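Residue numbers (the working numbering), protein chains in the order written: chain A, 1 to 455; chain B, 1 to 272.
In what follows, a structure is listed as structure tokens, so that the remarks can point back to it.
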Amino acid sequence: MSDTKGTSRNPTMTNTAITIENLGKRYILGHQRAKDDGLRHAIEDAMRAPLAWLRSRRQKKLQEVDFWALKDVSLQIKRGEVVGIIGRNGAGKSTLLKILSRITVPTEGRIRIDGRVASLLEVGTGFHQELTGRENIFLNGAILGMTRAEIIRKFDEIVEFSEIEEFLDTPVKRYSSGMYVRLAFAVAAHLEPEILIVDEVLAVGDAAFQKKCLGKMGSFAHSGKTVLFVSHNMEAIRSLCQRVVWLKDGRLHKDGTVDEILETYFNSVSTELSFSCVNPDYGLVVQKVVLKNDRGEESSQFRPGEDLIVEINYEAQKRLEQPYVILGVQSVNGSCFTANMLLDGHRPEALTGTGKLACRFKSLPLFPQSYSVKMSIRTKNGNDMIIKYQEVAYFNVVGDLAEYGYHGEFLTRASQSTPVVVPYEWCLPDGTIAPVSLADPRDSTVDTREVASLT
Amino acid sequence: MTQLLIEAGLTERQYWRDLWRYRELFYFLAWRDLLVRYKQTFVGVGWSIIRPLLTMAVLTVVFGKLGKMPSGGVPYPLLVLCGMLPWQFFSTAMAESGNSLVQNSNLISKVYFPRLVITVSTVITSFVDFLISGIFLIVVMIWYRQAPPVAVLFLPFFVLLVFGASFGVGVWIAALMVKYRDFRFIVPFMVQFGLYISPVGFQSSVVPVKFRLLYSLNPMVGIIDGFRWCLLGAKSNVYWPGLEIALIDVIVLVASGIWYFRKTEQTFADVI
Chain A
1 MSDTKGTSRN
11 PTMTNTAITI
21 ENLGKRYILG
31 HQRAKDDGLR
41 HAIEDAMRAP
51 LAWLRSRRQK
61 KLQEVDFWAL
71 KDVSLQIKRG
81 EVVGIIGRNG
91 AGKSTLLKIL
101 SRITVPTEGR
111 IRIDGRVASL
121 LEVGTGFHQE
131 LTGRENIFLN
141 GAILGMTRAE
151 IIRKFDEIVE
161 FSEIEEFLDT
171 PVKRYSSGMY
181 VRLAFAVAAH
191 LEPEILIVDE
201 VLAVGDAAFQ
211 KKCLGKMGSF
221 AHSGKTVLFV
231 SHNMEAIRSL
241 CQRVVWLKDG
251 RLHKDGTVDE
261 ILETYFNSVS
271 TELSFSCVNP
281 DYGLVVQKVV
291 LKNDRGEESS
301 QFRPGEDLIV
311 EINYEAQKRL
321 EQPYVILGVQ
331 SVNGSCFTAN
341 MLLDGHRPEA
351 LTGTGKLACR
361 FKSLPLFPQS
371 YSVKMSIRTK
381 NGNDMIIKYQ
391 EVAYFNVVGD
401 LAEYGYHGEF
411 LTRASQSTPV
421 VVPYEWCLPD
431 GTIAPVSLAD
441 PRDSTVDTRE
451 VASLT
Chain B
1 MTQLLIEAGL
11 TERQYWRDLW
21 RYRELFYFLA
31 WRDLLVRYKQ
41 TFVGVGWSII
51 RPLLTMAVLT
61 VVFGKLGKMP
71 SGGVPYPLLV
81 LCGMLPWQFF
91 STAMAESGNS
101 LVQNSNLISK
111 VYFPRLVITV
121 STVITSFVDF
131 LISGIFLIVV
141 MIWYRQAPPV
151 AVLFLPFFVL
161 LVFGASFGVG
171 VWIAALMVKY
181 RDFRFIVPFM
191 VQFGLYISPV
201 GFQSSVVPVK
211 FRLLYSLNPM
221 VGIIDGFRWC
231 LLGAKSNVYW
241 PGLEIALIDV
251 IVLVASGIWY
261 FRKTEQTFAD
271 VI
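Here it is in structure tokens:
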């Protein structure tokens with residue numbers, strides 16, 4: 001207690017914006033909890049045998065399975081620093097942001113924050129589908145902690161930033177997803193906090209708007225404010241942040257400058273995959289599966305139209321005759337394509353010792369989305385699995401579809417679209433021929449009318 | 001420069017300050033609920049008149065005409081309406097605020113503000129309906145040429161009382177609902193049942209004297225009696241111990257409701 005008094009006496013003297021000491025958050029897992037939660041069980045148990053119930057409650061404490069989403073995290077963030085937080089799913093990033101935003105309380109440890117905090121864990125929190133854009137600006141602003149006077153003062157700016165003037169009095173349920181996101185971010189962008197906490201909000205919206213958001217956050221950072229930024233988009237992290245904090249299994253794994261952390265992070269992501277690609281029966285070990293780009297560099301980010309090379313590094317402790325290798329690429333929106341030796345028949349004569357086997361997927365016809373690569377290896381007869389079909393690598397396709405000639409009003413929906421685009425062309429009634437392709441950005445900058453006149 | 005401490009268990013001091021800081025949110029959330037409620041309805045706000053009107057008609061027929069309950073010299077529809085006004089406020093507030101946290105779970109898991117704001121603003125929404133129905137009551141009183149007695153000056157006290165009761169019960173159920181969704185089934189039952197065990201369609205004086213004290217444990221008994229006393233005058237005989245019990249009930253409900261809500265609030269985001 002005396003400590004808290006001491007710090008509040010001279011808050012302006014300190015140069016740190018956020019101090020985190022030994023932070024821990026425990027969740028209780030296990031089937032105990034499901035039983036504990038039903039009212040019927042709570043009452044029934046208590047009624048049936050009060051003593052046994054009391055005893056079992058005491059015992060349950062011992063049986064509970066603890067899961068520490070965060071443990072022993074200590075951090076100091078200085079005023080004006082822009083810090084990126086990275087880590088795999090489940091590393092504790094979201095939990096950390098939730099505690100910092102006061103949505104949930106820590107189990108142990110403490111945090112001191114100097115300055116007004118605004119946190120964006122989601123774009124458009126509290127938007128109501130039935131209300132108009134205008135009404136939602138007020139509602140969302142109030143939920144994010146703005147006063148009515150503040151919202152009125154910034155109203156015009158917000159509308160201008162969101163570019164939805166003519167739809168202000170339309171219910172947001174009629175908005176395209178792009179308009180929705182633009183309006184939501186516009187409100188949040190005008191919060192004027194001293195400390196901004198952002199979670200992956202830029203994962204939505206079209207490329208042009210993402211750029212605008214990054215720009216806004218950049219200018220925010222340049223004006224000397226503190227920013228905490230969680231993202232899987234390493235390009236965004238690299239362009240915004242000076243410092244990166246890497247969380248792993250709920251603990252602080254590494255903390256340093258962008259360049260040094262991101263390099264080790266990329267290396268670890270490709271080698272760290274926990275797939276069981278070992279089959280002792282056949283003496284085959286797949287050591288790693290590496291993704292490379294056109295230039296032969298390891299990468300997890302590709303542009304539409306780039307080549308994707310999947311390189312399988314193996315060690316055959318026994319000679320493996322004529323195995324079949326099957327690769328597949330898929331996104332959450334569906335399977336994309338496969339390279340299947342069972343079908344094409346091009347299999348290696350034999351695998352011996354250590355070596356590499358690669359497959360080059362040419363000119364990726366994929367929308368900007370997240371993808372996984374699956375692999376399996378079968379025996380000579382094609383029936384027995386040596387390595388079962390499973391995810392072995394992940395990559396993102398990133399890029400501005402506008403550069404490929406895409407200009408639809410609902411372009412943002414590309415992130416939920418069927419991912420594969422075979423080059424095609426529209427033949428419109430007026431004779432216009434409009435070719436569309438993700439092969440090469442330069443191709444589609446050709447004016448469609450010109451093409452039509454040539455044909 | 002604002003400073004904020006986040007620590008396990010340490011929130012009490014900041015909580016009440018935050019509640020004040022987010023005071024405008026009470027208004028905004030209530031405003032949202034009111035705006036949304038009658039969107040895409042044909043009759044619109046008319047529903048807050050039609051509902052009491054129809055219920056009044058049914059209760060008058062069932063209790064007044066078929067049941068031949070005594071009216072104490074007051075037009076029976078008016079007797080029913082004076083009971084229905086606080087009852088409907090109480091029951092909708094209970095149902096709506098009970099659901100409020102679960103319905104706003106997206107807010108709870110994504111943004112911070114004192115959660116009490118959500119529940120209180122739904123009570124405020126129901127209160128607005130109560131005021132609209134109040135206008136309807138005035139019209140009906142004029143229709144029957146029934147002037148209110150001097151006791152009408154005490155009406156604000158009973159309005160406060162029913163507000164407290166609605167808030168207290170609403171906060172309890174809202175917090176319980178987060179963990180025990182069973183209340184989703186219990187609440188409609190309470191509302192349905194409560195209409196008949198509270199003296200809405202009849203006078204509480206029809207209850208035998210020896211059960212009167214027990215009957216008054218339901219806070220709505222004292223509150224409805226109070227409303228009738230204020231609006232219809234001495235003709236409706238008041239049972240004073242019932243009023244005292246109602247007052248104690250409300251104080252206990254509000255205090256314990258806030259206590260339980262505060263106790264469980266920190267885990268809402270983890271449980272919901």
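Glycine included, C-beta positions come from ideal geometry on N, C-alpha and C.
For clarity, every value in this text was computed on a predicted model and none was experimentally measured.
Bounds of any alpha helix (DSSP H) do not take in V325 (chain A); it lies within the beta strand (DSSP E) bounded by Y324 to S331. G355 (chain A) carries a strand assignment under DSSP once its states are collapsed to helix, strand and coil.
The bridge partners DSSP lists for Y27 (chain A) are A:F67. For I197 (chain A), the closest C-alpha among the options A:T95, A:K173, A:D294 and A:N136 is that of A:T95. Those residues of the region 353-377 of chain A placed with their C-beta closer than 8 Å to a C-beta in chain B do not exist. From the listed residues A:E306, A:S300 and A:Q330, the smallest Cα separation to D294 (chain A) is found for A:E306.
Membership of P441 (chain A) in any beta strand (DSSP E) is not indicated, and neither H nor E is assigned to it by DSSP. Positions of the alpha helix (DSSP H) runs, each at least 4 residues long and wholly inside the region 107-157 of chain A, are given as 133-143 in order along the chain. Where F229 (chain A) is concerned, the enclosing beta strand (DSSP E) starts and stops at T226 to V230.
If the five residues before and after E21 (chain A) are omitted, its C-beta is found closer than 7 Å to the C-beta atoms of S74, G109 and R110, all from its own chain and listed in chain order. Taken in chain order, the complete beta strand (DSSP E) segments of 3 or more residues contained in the region 158-199 of chain A are 195-199.
Annotation for L231 (chain B): C82 and P148 place their beta carbon closer than 6 Å to its own, counting only its chain and skipping 5 residues before and after. Residue pairing for T338 (chain A): DSSP places it in a beta bridge opposite A:G328.
Judged by their CB atoms, I195 (chain A) and G141 (chain A) are not nearer to each other than the 8 Å cut-off. DSSP, read as helix, strand or coil, puts F395 (chain A) in strand. In the three-state scheme derived from DSSP, where H, G and I count as helix and E and B as strand, I272 (chain B) is classed as coil. Here the alpha carbon of S256 (chain B) sits roughly 8 Å from the alpha carbon of G168 (chain B).
Going by DSSP, V285 (chain A) is part of the beta strand (DSSP E) stretching over L284 to K292. Counting along the chain, L364 (chain A) sits inside no beta strand (DSSP E), nor does DSSP assign it H or E at all. A Cβ of chain A is located within less than 8 Å of the beta carbon of L25 (chain B). Per the DSSP secondary-structure output, D255 (chain A) pairs in a beta bridge with A:V245. Ranked by Cα distance from V171 (chain B), the options B:F227, B:P114, B:N218 and B:I49 are led by B:P114. For I99 (chain A), DSSP records no beta bridge to any residue. Residue pairing for A316 (chain A): DSSP places it in a beta bridge opposite A:L284 and A:G353. When secondary structure is reduced to three states using DSSP, S415 (chain A) falls in the helix class.
Residue state for Q3 (chain B) is assigned as strand, using DSSP reduced to three classes.
By the neighbour-count definition (other C-beta atoms within 10 Å, threshold 16), G46 (chain B) is an exposed residue.
Scanning A:K212, A:E235 and A:G90 for the CA closest to the CA of V258 (chain A) turns up A:E235.
When secondary structure is reduced to three states using DSSP, K210 (chain B) falls in the helix class.
At a cut-off of 8 Å between beta carbons, N106 (chain B) contacts chain A. Residues P52, F130, S133, G134, L137 and F227 of the same chain have their beta carbon placed closer than 8 Å to that of L85 (chain B), with the five preceding and five following residues left out of the count.
Counting along the chain, the unbroken alpha helix (DSSP H) around Y76 (chain B) starts and ends at Y76 to Q103. Interface annotation, R153 (chain A): not in contact with chain B, CB-CB separation never under 8 Å.
Within the same chain, L101, V102, S105, I108, S109 and V178 come within 8 Å of I272 (chain B) by CB-CB distance, once the 5 residues on both sides are set aside.
For a Cβ distance threshold of 9 Å, residue set I6, E7 and A8 of chain B lies close to P106 (chain A), ordered along the chain. Residue pairing by DSSP places R378 (chain A) opposite A:Y324 and A:M385 in a beta bridge.
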